[in-house]
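Structure record follows, encoded as structure tokens.
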Amino acid sequence: GEEGVGGDRSKLKMDGVNVTQWLSSLETFTGAFYKKFPDVELRGILQYLTHRLQQGQILELGVLRSLLKTAGGYGFADYGSTASLSQVQLEGRCGSQLLKRETASFGIVEKSNKKASRRLRCVLQKDDLGVT
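Residue numbers (the working numbering): 4 to 135.
Dropping the structure here:
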């Protein structure tokens, strides 16, 4: 059922899984899946996510963040503002895409999938997804 999705996010579902835990697992899976399989159709999920955001629904925002961070290689998606960034990270944002990625997570770079990153960017910039 969807008992916990509407209002109280801490409610347990019928199978005993907390909705927040379930969403967190979904976020992790989605990012890892599209990083490993960048040729899988991506437009549908991005349309769904942007449509939900346009409706003011933020429950699935973490899925978009995970797609940007894990599949796209954009570590900055984890940060709410530049106030939480170190000096190295701030200086790194002034450089190339590679430098931005290397300094985004305190200099730790996870191996990114360039094909997944290009595909995600391409799909986001098409048609009516609101990203230019």
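Cβ coordinates follow ideal geometry from the N, Cα and C atoms, glycine included. Computed from a prediction, not measured in an experiment: that's the story for all the values here.
- Note on residue 77: 16 or more other CB atoms within 10 angstroms of its CB, so buried under the neighbour-count rule.
- Taking the Cβ atoms as the reference, residue 119 lies roughly 7 Å from residue 75, within the contact range of under 8 Å.
- Judged by their CB atoms, residue 121 and residue 45 are not nearer to each other than the 9 Å cut-off.
- Proximity of the stretch 52–70 to the stretch 28–42 meets the contact definition, three or more beta-carbon pairs being nearer than 8 Å.
- The Cβ neighbour count for residue 126, taken over all protein chains shown within 10 Å, is at least 16; the residue is labelled buried.
- For residue 73, no alpha helix (DSSP H) segment is defined, and its DSSP state is neither H nor E.
- Remark: C-beta atoms of residue 66 and residue 52 approach each other more closely than 9 Å.
- A distance of 9 Å or more separates the beta carbons of residue 62 and residue 101.
- The three-state secondary structure of residue 45, taken from DSSP, is coil.
- Cα atoms of residue 60 and residue 94: separation of roughly 34 Å, rounded to the nearest angstrom.
- With fewer than 16 other CB atoms across the displayed protein chains lying within 10 angstroms of its CB, residue 91 is exposed.
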